[in-house]
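Residue numbers (full-length UniProt numbering), protein chains in the order written: chain A, 1 to 260; chain B, 1 to 260.
Think of the CB as a built atom: it goes at the ideal place given N, C-alpha and C, for glycine as much as any other residue.
Quantities reported herein were computed from a predicted structural model and do not represent experimental measurements.
(1) Would residue 132/A count as contacting chain B if we go by Cβ distances under 8 Å?
(2) Distance cutoff 8 Å, beta carbons only. Does residue 257/B sit that close to anything in chain A?
(3) Note down the Cα distance separating residue 288/A from residue 61/A, rounded to an integer number of angstroms.
(4) In chain A, what lies closer than 7 Å to residue 230/B by C-beta?
(5) Run through chain B and tell me which residues come within less than 9 Å of residue 197/A, C-beta to C-beta.
(6) Excluding sequence positions up to five away, which residues of its chain have a Cβ less than 6 Å from the Cβ of residue 85/A?
(7) Does the beta-carbon distance from residue 204/B to residue 112/B come in below 8 Å?
(8) Does the beta-carbon of residue 38/B have 16 or more other beta-carbons within 10 angstroms, so that it is buried, or is it exposed?
(9) Tell me whether residue 23/B sits in a helix, a strand or coil according to DSSP, three-state version.
(10) Using a beta-carbon distance cut-off of less than 9 Å, what residues from the region 149-180 of chain A approach chain B?
(11) Contact criterion: CB-CB distance below 8 Å. Does residue 239/B meet it with respect to chain A?
(12) Buried or exposed for residue 103/A, going by 16 or more other Cβ atoms inside 10 Å?
(13) My parser needs the alpha helix (DSSP H) runs of 4 or more residues fully inside the region 137-162 of chain B; what are they?
(14) Do you know how far the Cα of residue 137/B is from the Cα of residue 134/A?
(15) Between the Cα of residue 167/B and the Cα atoms of 19/B, 186/B, 107/B, which residue gives the shortest distance?
(16) Does residue 89/B come within less than 8 Å of chain A when only Cβ atoms are used?
(17) With distances taken from CA atoms, which of 142/B, 124/B, 66/B is nearest residue 173/B?
(18) Report yes or no: is there a C-beta of chain A within less than 8 Å of the C-beta of residue 80/B?
(19) Only counting the same chain, and skipping five residues up and downstream in sequence, which positions put a Cβ closer than 6 Å to that of residue 277/B?
(20) List the endpoints of the continuous beta strand (DSSP E) containing residue 229/B.
(21) Listing by chain order, which chain B residues have their CB less than 9 Å from the CB of residue 233/A?
(22) With DSSP as the reference, please indicate the residues paired to residue 264/A in a beta bridge.
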């Protein structure tokens, strides 16, 4: 069913060099046209979403264990000497394996999809967590403005836990591009607008989540139909943006459920 | 008002060694009885919460800038040669400064406080984000079971952004200790119980958030008065636990607001 895996023992191997770049440079996927999914949890999530990896990569010592579960997952298997694994790993504990997948072709914005707009979010963990929440709550598109963490970087992929494969992802956008969205846009705010838990929310809609320090930019604020804030009875400090996004996207899902 | 700062140029300096340990070993604060807050955002948040650091530490090149804002923040200022800063830093971009604070004295569980129970949460970023949400939504106590990421570690402190100083934090608990909580306990579940957005929530209450992979343990599940799940119309995959916690804690705050 599957051929004997290729075995990489040299630091100069071409594939190893490319994997090193993919794991260290968060935007290398744009040049290479492929992405690196590291760790058994994420790889399993990708398989569960119907992905077919081009290459499955295993550490030498993990390969015997991996045989049963993953040997047939990819078109090609590659085993890497244990001493070289740390070159391509950004992780501490998960099982030493990964998939190489072709980067999905870039798509344009769909104006009618329920959308999450990411306005220059810096933290890859936040971005991944928001992708995961978006997918869970029925949003099907994520629109990232220029300055947002690279959506297909290793960190965002790991935090997204497979959500990437359930979403239409569009990145590198300018504020004016957002005008192509026909759904009503809601901007989160720390100090103005209706309180979320009392607001009637439209569906479909687009939620704009802003930069960790600066919030939503003026250019996007003026494009929003409504401003919404989250009541924080414990004090005025702002929430983590991943937490705020989860609360807003869940509220949309709950409103949709209650409406029909 | 303040003396000329001590200047550390030697890698063998005793304070530098202790800071190195605090920044590299997530539970070193227990031995040292003090915590290390790194980066200007977190330090500012601690000051805003009324904290008085024992020592303020600056990199040599940042010190001139820091003078105006931070020179009077602590009892003692220390400046560290730039080449040594990376020894004690876990960060890439924030301003190279930090505070040393005495570890607050351990307190016992308060049975009547609105509480978030952390059941062996592994990820420091998740734990910090949950502390932040807890504080924002009026929960005043966090009870961490043994196996949860160390609450006063650098990573949790940074993700918590000052929330530590607004909460009663109790860690190292066994499941039986949770019996001391008199508030009704709600356990999050991926597959059973009422849907959160239709549930009437008690106040005060305790929310139990479970391990990233395994969820809430059976020992805590049986201590919960109710099981609550979050509707996920987009599919059955589980949310990030920091996202789930934000949604649940916000729902409690919203219910409390609607009730009174």
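According to the structure shown:
(1) yes
(2) yes
(3) For residue 288/A there is no data in the structure shown, the boundaries of chain A being 1 and 260.
(4) 250
(5) 250, 251, 253, 254, 255, 257, 258
(6) Within the same chain, 59, 96 come within 6 Å of residue 85/A by CB-CB distance, once the 5 residues on both sides are set aside.
(7) yes
(8) buried
(9) DSSP places residue 23/B in helix when its eight states are reduced to three.
(10) 159, 161, 162, 163, 166
(11) Chain A, which has a Cβ nearer than 8 Å to the Cβ of residue 239/B, makes this yes.
(12) exposed
(13) 154-160
(14) Separation of residue 134/A and residue 137/B (C-alpha to C-alpha, rounded to the nearest whole angstrom) is 22 Å.
(15) In terms of Cα proximity to residue 167/B, the closest of 19/B, 186/B, 107/B is 107/B.
(16) no
(17) Ranking 142/B, 124/B, 66/B by Cα distance to residue 173/B puts 142/B first.
(18) no
(19) A question about residue 277/B goes unanswered here, because the residues of chain B that appear run from 1 up to 260.
(20) 226-229
(21) 136, 137, 138, 253, 256, 257
(22) With chain A covering only 1 through 260, there is no way to say anything about residue 264/A.
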